[in-house]
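Numbering (the UniProt record's numbering), first residue to last: 1 to 1038. Everything below concerns the one structure shown next.
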């Protein structure tokens, strides 16, 4: 292996002209023994150029990601790192990290994270001793390396619980007392190197405690020492040298980043572990100690930070956010609320209110790029850590406290009436808007909200200042749930919003007006009727706004308008679909010419709206005939360009066009879909709905050209034979094969055996433990073939590989073994049918497992029927629940001595009391604690009413074709007279099951009588047959 050549190749990877060839060479030799060691040597060599070392670091990281755990037997062209090289990497990577420049450290640390995830502790036992050795030194680079590695370990285990977290806890519980002592020594050292180390330690601590404090990590008193340390960090003044920097540079300095992590830890700790009533049982001691010793010091420190900023001092935005978030959490609890209350109005007036106002930066962005301004305002992910977002949380929490809401309103209305500054008015309206949920539900104020809307919002819809017009529209949206008792006020609001939407020249105002109209439609019963004459103008304007702004929030506006005005949409549906298709084309072209501004989400929204419109008119042939060419062109363009981001919407559009029957044009789209999936069948489950619709709506078209069926069967075969496609795709492929057999029936009798052979072949391969339902699903494909034509099935079943003469025995043995994995209503029904068909077989070909386990067969049938009935009942109850309308109750004001207790807190307390009772019953051992099962048996009872493939109905699901109750009764009655030995075995069961069987038989008899009565009624009379032999009771106890 030539080191010089490898160095040249690494350099070449940084040059676009030679990158491809260089990567090809490196990929060819990367599996050779010693390759990883050479890369590491190059990476840490001081004699090599930095650009070469950086290329080596990047390649090394990617190499580890790809090859550390790869399995060459499963993935073609994959490589694996030889064990000797892995040993070398594990032995040297920590030393490399310590010595490497910062630019290379990041790549090496990412690689080390992969090693920790895969190899620690079993294959990398030296990791922990190496970390300890580094921490015992006094050099900064050793500490930096050790802490960075501990941080990577914390990230690996961050979201794990119980035993899965144990390896990290063993390390951290040993090193953290030592880290605490070191950080305490460093607290007074404000050098960048010292503060960087302190910050890194806090980051590790946060990763460990943010989700769940493991019980063996640190004792409560030691945990609280860390919180006290964080308080010290926040109290420590920053160096004087920061005073000469601007605010952005201050905020990005290491000192304020250090404070950010301290504030983040305190805020999270209080939220997660600070209140006894809202913590898990194992954290009660921590919460109790925190409440006694640190609740007040923490809230006071957060208030101190906010007051410092309120009075002109500097506090970074991120620290302010966590301080305000902490205060918002504290307001719900009486102890901390009493500490906050004296300072509330000072931080409201001087800190939070200014944060809610329209700023100069806002105005500049509006002027330069209104569309970007809108996107920024509605980018909730960017806003999540803004101080203004936390300010809203504080204001809304405080408004629930007694006498606070009136004080807020007095301050805000006085500001509006007395200030000449438009931004003050905007801030006041913004804050009033955020108080909407409190005002609308407050007994004192909800009757006055209508007047508030009229005097403060509607009146400003025509304001000459554009941001106040936009704010007025936004406020109306916030109060859309209020009760309008005076029709003229609501009419005036709608008139004003319509004018702003259709006539305003400012894009942000138009967008806010559109969203406000949507909210009113959703929350006010008579708004839809009032807007009906204007719906076409509104929809046209909204479509134009989507094209111009690409704001995702406008897509649901379109969808709601279309669904609300369904009847009005139908006459113009084809025009709207054409407009949307043209908009789709423009957006795609823009995406291709300007890739930096990704419009994928907006395009998906446009397509989603097309789907909504098509779903409304899919049962109108006269409309579908007109829109079909547009859908055909759009869907074909998506599939032929392999635009996978839009497949889901394209499938849905095609489904609407073929809902009743597929035209020749839509069958050409079918070919496009299959061609796409032949390239990549990894998302078979996504195309299943459209394939199922093609099959069920146009069986004749499906069979008209043999190559269509052949393509589908080849696709299913590809998925079922390649384990890499995953069990989910294979589950759907097996279900589709069942649908093909049932829907096409005897028309494809000649290929039934091929389909059965295909699924039997999959059953010979391993099925991963979380996907056991794939086994019965494959078996039920064979059962479907048995049901469709039993005579044909029995003629070829003994020729199926690999069991030949024992195939039928194998099928039923596996079915009985897998019965616990049979879920949903369809599979239970088909499983019952399978057992009934086996019972009907002549004794000489009936599977032995049926004869030998006759009593068990009866129990299985009873359980399957019980599950089937639960499924039917569950679906009925679900439909009934959907019709219930939730009414929001009035809110009352919290006294200073009261804690806020919402429905979630009550439910948490209930579950906690149940868990405590279980601990007592279990002799003091917690069955759901850290190192045991985390599952709640009440929440996970294991019963599944409807599986993910139950939605794909076929003829077996139509009761007129197959009533499983009457089928069972007929088979049972016939067995009693034709096979008394088997009947006696089946009924010789324990008393409880005998009682269940008697109930089942009686129920089946009642179902049969109901069907007979319906048939008699349909024929116009009742025919009594005196020769009918009806046996009302069976003796099941003998």
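Each residue gets a CB set at the ideal place from its N, CA and C atoms; glycine is no exception.
Of the listed residues the options, nearest to residue i (C-alpha basis)
i            : options            : result
residue 759  : 777, 145, 377      : 777
residue 10   : 16, 26, 781        : 26
residue 479  : 443, 432, 346      : 432
residue 155  : 169, 143, 142      : 169
residue 327  : 537, 274, 1008     : 274
residue 731  : 770, 702, 265      : 770
residue 718  : 703, 308, 734      : 734
residue 953  : 779, 509, 352, 742 : 742
residue 667  : 643, 702, 676      : 702
residue 1006 : 379, 968, 675      : 968
residue 1084 : 415, 482, 947      : Residue 1084 is absent from the structure shown; the chain starts at 1 and stops at 1038.
residue 861  : 832, 838, 842      : 832
residue 562  : 998, 801, 590, 518 : 518
residue 983  : 991, 992, 972      : 972
residue 748  : 766, 699, 323, 897 : 699
residue 416  : 408, 406, 429      : 429
residue 1003 : 947, 956, 985, 865 : 865
Rounded distance between the beta-carbons of residue j and residue i, thought under 8 Å
i            : j           : result
residue 217  : residue 204 : That belief does not hold up - the Cβ atoms of residue 217 and residue 204 are roughly 12 Å apart, past 8 Å.
residue 564  : residue 528 : 5 Å
residue 42   : residue 6   : 7 Å
residue 1040 : residue 736 : The requested residue 1040 does not occur in the structure, where the chain is confined to residues 1 to 1038.
residue 266  : residue 230 : 5 Å
Sub-8 Å separation of residue i and residue j beta-carbons
i            : j           : result
residue 818  : residue 775 : yes
residue 729  : residue 685 : yes
residue 546  : residue 555 : yes
residue 697  : residue 721 : no
residue 135  : residue 124 : no
residue 620  : residue 570 : yes
residue 1043 : residue 634 : Given a span of 1 to 1038 for the chain in the structure shown, any question on residue 1043 remains unanswerable.
residue 1094 : residue 651 : The structure shown has nothing for residue 1094, since the chain only spans 1 to 1038.
residue 829  : residue 868 : yes
residue 307  : residue 349 : no
residue 79   : residue 21  : no
residue 84   : residue 55  : no
Outcome for residue i when other beta-carbon atoms lying within 10 angstroms are tallied against a minimum of 16
i           : result
residue 137 : exposed
residue 76  : With a pLDDT of 45 at residue 76, under the threshold of 50, the modelled position of that residue is not reliable, and no figure is offered here.
residue 167 : buried
residue 241 : exposed
residue 768 : exposed
residue 725 : buried
residue 4   : exposed
residue 647 : buried
residue 939 : Residue confidence is low: residue 939 scores 37 on pLDDT, short of 50, so the model does not pin down where it sits. Its coordinate-derived value is still stated next. Classification for residue 939: exposed.
residue 184 : exposed
residue 704 : exposed
residue 245 : exposed
residue 653 : buried
residue 179 : buried
residue 256 : buried
residue 844 : exposed
residue 426 : buried
residue 103 : exposed
residue 510 : buried
residue 537 : exposed
Residue-chain proximity (residue i, chain C), Cβ-Cβ < 8 Å
i           : result
residue 389 : Given the protein chain composition of this structure (a single chain), no chain C is represented.
Indicate whether the contact test is met: 3 or more Cβ pairs, each with one atom in the region 358-376 and one in the region 396-403, closer than 8 Å.
-> no
Flag this pair as touching only if the region 281-291 and the region 257-266 have three or more C-beta atom pairs under 8 Å; answer yes or no.
-> no
Segment contact flag, the region 792-799 with the region 815-831, C-beta cutoff 8 Å, min 3 pairs | no
Does the pairing of the region 453-464 with the region 484-492 give three or more beta-carbon distances under 8 Å?
-> yes
Does the count of Cβ pairs from the region 333-352 and the region 388-399 closer than 8 Å reach three?
-> yes
Sufficient close CB pairs (3 or more, under 8 Å) joining the region 141-155 to the region 86-104 = yes
Are the region 959-974 and the region 1004-1018 in contact at 8 Å, needing three or more beta carbon pairs?
-> yes
Counting pairs of Cβ atoms below 8 Å between the region 462-469 and the region 504-511, do you hit three or more?
-> yes
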